[in-house]
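In my numbering, the protein residues as written are 8 to 445.
Quick reminder that beta carbons are idealized off the backbone N, C-alpha and C, glycines included.
The structure presented is a predicted model; accordingly, all values stated were derived computationally and were not measured.
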Amino acid sequence: VDNSAGVDTSDHEVNLKILLAGPRVRGELSEDARNALLAAMTDDVAHLVLADNYNQTLALSVAEASAARDIDADARFFRDLETKGKLDRAVEFLPPDAAMRTLAHDGKGLTRPELAVLLAYAKLDLDAEILASDLPDDPAFASVLSGYFPRRATKAFPREPQRHRLRREIVSTLLANRIVNLAGPVFVLRMRELSGASGAEVARAFVLADGAFGLSALKSRIDVLDGKIDAGLQIRLYGEIAGHLQLVTPWFLAHLPAGTDLGAAIALYRAGVEALRAGLTENDEDQARIESLAGHVPDDLARDWVSLRRLALAPDIALLAHEASAAPDTVAALYFALGARLGLDRLRMLAAKLTLPEHWDRLALRRLLESLSATQRGLARILLKEGAHDAPAAVDAWAAARAASLERTRAFLSAMESSGELSIAKLMLASSQIQTLI
């Protein structure tokens with residue numbers, strides 16, 4: 008990390024010379040013109056390098072802010088790297104497991120220099136997995152590849168990026184940087200633990216989630232607040248983006264097979280997100296969060312940032328709308344009516360209040376939430392197939408046929424809430440009760 012600007016500058020220099028070698032050999036570019044073009048791109052390269060380092064340093068600041076919460080995941084990542092033979096903690100001056108447990112007990116996290124090492128290993132590990140896959144060959148990354156080079160070069164020789172002998176390596180590095188910088192150094196580990204997917208599969212799902220929710224664009228809108236708002240608040244805004252990626256990426260891992268066209272899928276789910284956003288009505292909690300940002304963050308940015316949590320279910324709605332050839336707002340009305348009537352929204356709210364120190368309990372909770380969504384999605388799919396277009400009427404009719412069972416479920420939920428402290432076991436029993444009802 009200390010020398011990243013020098014290394015990045017050197018990489019750009021070498022890759023630019025490779026890019027221009029083809030035109031030079033084919034007689035499309037003279038030696039003098041080539042040298043003049045390289046010199047003319049000095050400031051362009053500096054801008055690209057500074058942008059890379061801006062994002063990497065920002066990633067460290069976001070990781071530092073959540074270091075205490077992430078200490079358990081950091082320890083698991085160290086062990087994962089050691090199992091692969093990629094890390095020697097003693098060589099890197101990283102704390103052993105006993106010291107990590109002490110930090111966790113004391114509510115502390117890794118220091119910024121230690122996080123810098125973690126960040127570097129996260130990128131190296133992910134880069135190797137992406138490069139070993141066919142992900143860098145996807146046509147969707149043509150613009151990513153071109154964006155690596157200064158526009159002067161790609162404007163003069165637009166076909167050369169795709170001819171570049173290191174195009175796969177460039178795409179892989181760019182993706183690894185983008186993922187770790189935006190989602191954090193232990194994001195891929197968490198997704199792999201949750202889904203059993205490979206690092207390359209996680210990278211692909213990240214691209215879908217990022218594109219569907221416009222998260223990189225949202226991040227850029229936060230960037231322009233540099234020097235205008237408190238840095239701690241700015242880091243909190245970035246942290247919400249990382250948290251949203253943890254929340255929605257598993258959905259794309261579970262529902263979109265490897266052969267799915269990336270560009271088409273992003274367009275489909277982006278349309279679903281925007282349709283849902285347009286129909287959102289801010290509740291009291293949303294209003295309070297927006298008001299807390301007033302005077303610090305532009306109103307439109309505050310509203311888009313706050314809406315992220317409630318947009319997490321948008322992929323379900325977009326998928327159902329696509330399957331049923333129905334309008335997203337019609338599907339959304341049915342989906343949310345079911346969530347309210349079945350008590351699923353209530354269960355999600357209770358789950359959000361749980362603080363679970365154990366990694367395996369957090370995994371169990373995540374699986375439980377996925378099960379709730381599957382239940383809601385499955386019933387919505389049935390009602391849509393039956394021609395449900397009036398959401399309240401369709402849900403009322405369904406509920407009327409199961410009035411006694413619904414009442415028992417409501418009573419169970421009320422008893423659970425009033426029986427003392429919540430637990431993962433209680434929530435799992437409640438989820439089972441609802442699935443039995445379905």
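Three-way DSSP call (helix, strand, coil) for residue i in this model
| i | result |
| --- | --- |
| M48 | coil |
| T382 | helix |
| E38 | helix |
| A147 | helix |
| F213 | helix |
| N290 | coil |
| F343 | helix |
| R373 | helix |
| K235 | coil |
| T267 | coil |
| S439 | helix |
Beta-carbon gap between residue i and residue j smaller than 8 angstroms
| i | j | result |
| --- | --- | --- |
| A325 | P399 | no |
| V178 | I186 | no |
| D291 | V313 | no |
| L300 | A309 | yes |
| P192 | A147 | no |
| V69 | L101 | no |
| D51 | R159 | yes |
| R355 | V402 | no |
| L23 | L57 | no |
| A282 | D336 | yes |
| L391 | L341 | yes |
Exposed unless 16 or more other CB atoms sit within 10 angstroms - verdict on residue i
| i | result |
| --- | --- |
| R21 | One detail in the question is off: residue 21 reads as Val in this sequence, not Arg. Exposed, by the Cβ-count rule. |
| D217 | buried |
| Y61 | exposed |
| Q383 | buried |
| H112 | exposed |
| R119 | exposed |
| I248 | buried |
| W367 | exposed |
| G234 | exposed |
| I389 | exposed |
| D95 | exposed |
| P157 | buried |
| N42 | exposed |
| D237 | exposed |
| G302 | exposed |
7 angstroms CB neighbourhood of residue i in its chain, flanking five on each side removed
| i | result |
| --- | --- |
| S430 | none |
| G114 | A75 |
| A244 | This sequence places Leu at residue 244; Ala is not what is there. These residues qualify, in order along the chain: I229, W312. |
| L287 | S314, R317 |
Cut-off 8 angstroms between Cβ atoms - residues of its own chain near residue i, not counting five sequence neighbours on either side
| i | result |
| --- | --- |
| N184 | D59, N62, Q63, K130 |
Sequence-distant residues of its chain with Cβ nearer than 6 angstroms to residue i (five each side left out)
| i | result |
| --- | --- |
| G206 | L133, E136, V195 |
| Q440 | T416, F419 |
Report the residue ranges of all alpha helix (DSSP H) runs contained in full by the region 51-114; include only those spanning at least 4 residues, in chain order.
74-90, 96-99, 104-112
In chain order, each beta strand (DSSP E) run of at least 3 residues that lies wholly inside the region 133-204
none
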